[in-house]
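If you count the sequence shown from 1, position 282 lands on 282 in the UniProt record's numbering, and the numbers rise without skipping.
Backbone N, C-alpha and C fix where the C-beta goes; we use that ideal spot for every residue, glycine too.
Since this is a predicted model, take the numbers as computed values, not measurements.
Inspection log for the structure reproduced underneath, given as structure tokens.
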Amino acid sequence: MNKAGNKMKGIILAITGAVFWGGSGVSAQYIMQEKGVETSWLVSVRILFAGILILCYLYGTEKRQVFAILKNKKDLLGTFIFSFFGVILLQYSFFKAIEVSNAATATILQYLSPIFIVIYLIFESKKIPSKMSMLSIALSLFGTALLVTKGDFTTLSMSPMGLFWGLGAGLFGAFYIIQPRKLMATYGTTTIIGWGMLMGGLMYQLYHPVWKDVPKLDGVTIALISFIVVFGTIFSYICLLKSTRYIPAQFSSLLTSFEPLSSALFSFLFLNAIILPIEILSMGIIIFSVFLLSRSQDNE
Numbered sequence: 001m002n003k004a005g006n007k008m009k010g011i012i013l014a015i016t017g018a019v020f021w022g023g024s025g026v027s028a029q030y031i032m033q034e035k036g037v038e039t040s041w042l043v044s045v046r047i048l049f050a051g052i053l054i055l056c057y058l059y060g061t062e063k064r065q066v067f068a069i070l071k072n073k074k075d076l077l078g079t080f081i082f083s084f085f086g087v088i089l090l091q092y093s094f095f096k097a098i099e100v101s102n103a104a105t106a107t108i109l110q111y112l113s114p115i116f117i118v119i120y121l122i123f124e125s126k127k128i129p130s131k132m133s134m135l136s137i138a139l140s141l142f143g144t145a146l147l148v149t150k151g152d153f154t155t156l157s158m159s160p161m162g163l164f165w166g167l168g169a170g171l172f173g174a175f176y177i178i179q180p181r182k183l184m185a186t187y188g189t190t191t192i193i194g195w196g197m198l199m200g201g202l203m204y205q206l207y208h209p210v211w212k213d214v215p216k217l218d219g220v221t222i223a224l225i226s227f228i229v230v231f232g233t234i235f236s237y238i239c240l241l242k243s244t245r246y247i248p249a250q251f252s253s254l255l256t257s258f259e260p261l262s263s264a265l266f267s268f269l270f271l272n273a274i275i276l277p278i279e280i281l282s283m284g285i286i287i288f289s290v291f292l293l294s295r296s297q298d299n300e
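Next comes the structure, spelled out in structure tokens:
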């Protein structure tokens, strides 16, 4: 395939992965609001079965290599830490934000992860950030303020808990990317994600086992849960990961702007959600801030 064809393939993969993630948030909102699915039960099912399926896939392709991490206690501990903060708390805070607000708001707040990553790297490197980085951070804060106040800066137009869990999803999303960098370089991204999800899923069973608070599983509920686990978790991750084989990682991360866009569109189409102009504006500002951030990282 020629260079242009590879670039297009990478773009399609990145957008597909982002749309799957956005769709999973809307699916979760629907089954929590309309089907009585409890947040903790959904988190328990999602990460446990996603971990099992990913590791089964890896075992079928890599055999014994998938178990190499179990022989190194230090790396195993690092994966355990990743599974708790980067998997359990990220998934729980994201779904909790959906429960107390809505899928579109939760997704756009979680999309602030790159901004939190840059703030962390500024402190880690102890370097003065570029003007572009500072501008992107300022714009993201302004966009977030617009989103949660709807333009009236004297009041919050969303619940404080919705803001808390949404920002939590962004913070833990940043941890999800930063903490396992060395582990992924050693064992491969897919392996660490698989073990992180399986460990997180098993740990979460101590808090909320999958047999507790089981909802009425009709056809629609089973279909949407399957979509959340398979497409919204596994395929979403695989598509975004494979896209970096054909396009730069910075370009791929930029295309994840389709996450909040698709979430807002699906909410409008399937949940009859009303998207206000001020919400569209705030979403555009946050996405643009991440675009500036991506350009800034390219030039450094």
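Where the alpha helix (DSSP H) through residue i begins and ends
i	result
Phe266	258 to 270
Trp41	39 to 62
Gly162	160 to 178
Gly78	73 to 81
Leu139	131 to 149
Leu121	113 to 125
Val100	89 to 100
Ala106	103 to 110
Residue burial classification, residue i (beta-carbon count within 10 angstroms, cutoff 16)
i	result
residue 322	Residue 322 lies beyond the residue range present for the chain, which begins at 1 and ends at 300; the question has no answer from this structure.
Ala18	buried
Pro277	exposed
Lys96	buried
Glu279	buried
Glu124	exposed
Ala138	exposed
Pro114	buried
Tyr237	buried
Trp211	exposed
Glu34	exposed
Gly143	buried
Phe270	exposed
Gly162	buried
Gln91	buried
Val26	buried
Contact set for residue i: own chain, Cβ-Cβ below 8 Å, skip 5 residues either direction
i	result
Gln179	Gly78, Ile81, Phe82, Phe85, Gly86
Tyr111	Gly170, Thr256, Ser257, Glu259, Pro260, Ile286, Ile287, Val290
Ile88	Val43, Ile47, Gly200, Met203, Tyr204
Other residues of its chain near residue i: CB distance less than 6 Å, five sequence neighbours each side excluded
i	result
Ala273	Ser267
Trp41	Asp213
residue 303	Residue 303 lies beyond the stretch modelled for the chain, which goes from 1 to 300, so this question has no answer here.
Ser243	Gly10, Leu13, Ala14, Ser252
Ser282	Gly143, Leu146, Leu147
Met32	Glu99
Proximal residues to residue i (C-beta, below 7 Å), its chain only, five neighbours per side dropped
i	result
Tyr120	Ala174, Ile178
Lys7	Tyr246, Ile247
Ile54	Thr190, Ile193, Gly194, Met197, Ile234
Trp165	Ser93, Lys96, Ala97, Val100
Thr16	Cys239
Ile108	Leu147, Pro260, Met283, Ile286
Which runs of the alpha helix (DSSP H) fall wholly inside the segment 183 to 244 and span at least 4 residues, in chain order? 189 to 207, 219 to 226, 236 to 243
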